[in-house]
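Report on the structure given below.
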Amino acid sequence: MKKLKRSGRLVDMTHFLLQHPHEVISLTRFSERYQSAKSSISEDLVIVKEIFEDEGYGSLLTISGASGGVKYIPRIHQEQVEEFVNEVIEQLAVPERILPGGYLYMMDLLGNPKFIQKLGQVFASVLANQKIDAVLTVATKGIPLAYAVGQYLNVPVSIVRRDHLVTEGSMVSINYVSGSSKRIQTMTLARRSLAPGSRVFIIDDFMKAGGTIRGMMDLLEEFQAELVGIGVLVETIGVEERLIDEYMSITRLTEVDVRNRTIKVEPGNVLDLLKTIELRDEK
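Converting from the sequence shown to this note's numbering requires adding 816 to each position, the first position being numbered 1.
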C-alpha cells in the first residue's frame, strides 16, 4: 500500500478494523501497512477508538505485551438495540404474517441482509466478553442468523441437519423429542464441524418449547463441546413445558389470534441482558 496522509490512514484503518472483529492487530502490522511510525499509528487508534465508542460501533481493546496490539470488539448502544427491537416488533405484528395453523411468515426478515446484519451485531454485543469458538444452528432458517453472528464474532458456523449429506463425510446423529409435536426426530452434524472442547453459541430463528435447541445441546455433548449461550429471534409465551431455561431472545410472541387476525409481540430479554452487562462494565 502506498503511503497515506492521516485522513487516508484513518479511513482505511477504520475499514480494516471493521472487517477484522475480535482479531488482535499488532501495531507493527499497521505500521508496515501505512509506512508510518508506531507513535503515529497509536495516535490514529485513539481517534478511531473515540469515534467507535461515541457512535456505537464498538470499542478498541489494547493488548499489551510482545504479541499485543489492538482488538476491535463490536458493540451496539443500548438505545440502538431498543430502537431495533421496537422495529422488529412493529414488523412482526403485521396481520398479513399469519399463516394457516397460527404460524408466522418471517422469510422477508430472514432474507433481508440489513436486518440480519443488525441482528448479528446485537447478539455479538451481548457476547462481546465471552470466548466463542463456533456458532451452531439448524438448517435452514437459522443459517442467515448464524452467519451474521459468526461474522461479528469472527468464528466459524456449524450447521445441524435433519438428513445425512454425503458431501459432509462422517456424521454424528442423535434422536430428540420435538417440544411442540412430541415426535421423535433426528438431527446430524458432521464430525469435522466442531473440535473437542469448543465453546459454542447456539442460535435459531423461532422457539416454542425448545425441543430443537435441546437436541442441539445434546449433540454438543457428543462432541465434548461446551455451550456458552443460546439466542433466538422470536420466542413464544405460554408454552406448558419449556425444555431450556437460559437463553436470550429479541422478541416474545404472546398471542396469535387467527380468527381476529391479530398478533401481539413484546420485547425479549436481550435488553435486560445488555443493561446488566453495561452496569457491570461501568463498575
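Just so it is clear, CB atoms sit at the ideal spot from N, CA and C, and this is done for glycine as well.
Remember, it's a predicted structure, so these values are computed and weren't measured experimentally.
- With a cutoff of 8 Å on beta-carbon distance, L952 and L935 are scored as not near each other.
- Counting only residues of its own chain and dropping the five nearest sequence neighbours on each side, G985 has a CB closer than 8 Å to the CB of A1006, R1007 and R1008.
- With a threshold of 16 other beta carbon atoms within 10 Å, E1051 meets it and is buried.
- Less than 8 Å divides the Cβ of S842 from the Cβ of G885.
- Bounds of any alpha helix (DSSP H) do not take in N991; it lies within the beta strand (DSSP E) bounded by M987 to V993.
- In the same chain as F846, and ignoring 5 residues on each side of it, the C-beta atoms closer than 6 Å to its own belong to I857, in chain order.
- In summary, D1020 is buried, with 16 or more beta-carbon neighbours lying within 10 Å of its beta-carbon over all protein chains present.
- Taking 8 Å as the cut-off, the Cβ atoms of L1087 and E898 count as close.
- In the displayed model, P911 falls within a helix according to three-state DSSP.
- Per DSSP, F939 is one residue of the alpha helix (DSSP H) stretching across P929 to V942.
- A straight-line Cα-Cα distance of about 14 Å links V982 and I975.
- Taking a cut-off of 8 Å for Cβ pairs, the segment 1057-1066 and the segment 927-942 touch, as three or more such pairs fall below it.
- DSSP, read as helix, strand or coil, puts E1082 in strand.
- Between the C-alpha atoms of F868 and G966 there is a straight-line separation of about 20 Å.
- Sixteen is the threshold: since fewer than 16 other Cβ atoms of the shown chains lie within 10 Å of the Cβ of T878, the residue is exposed.
- The C-alpha of L1010 lies about 8 Å from the C-alpha of A950.
- Bounds of the alpha helix (DSSP H) holding K865 are K854 to E871.
- Under the 10 Å beta carbon count, P890 is surrounded by 16 or more other beta carbons and is classified as buried.
- Put simply, the backbone Cα of P837 is about 26 Å away from that of E903.
- Approximately 5 Å separates the beta-carbon atoms of V1081 and I905; this is inside 8 Å, confirming the contact.
- Excluding the 5 residues flanking it on each side, V1074 has same chain C-beta neighbours closer than 7 Å at I914 and G918, in chain order.
- Here P972 has A950 as same chain residues with Cβ atoms under 6 Å from its own Cβ, once five neighbours each way along the sequence are excluded.
- Taking C-beta atoms as the reference points, L826 and I863 count as a pair closer than 8 Å.
- Within the model, the alpha-carbon separation for K865 versus M1023 is close to 37 Å.
- Approximately 17 Å separates the beta-carbon atoms of P1083 and V910; this is outside 8 Å, ruling out the contact.
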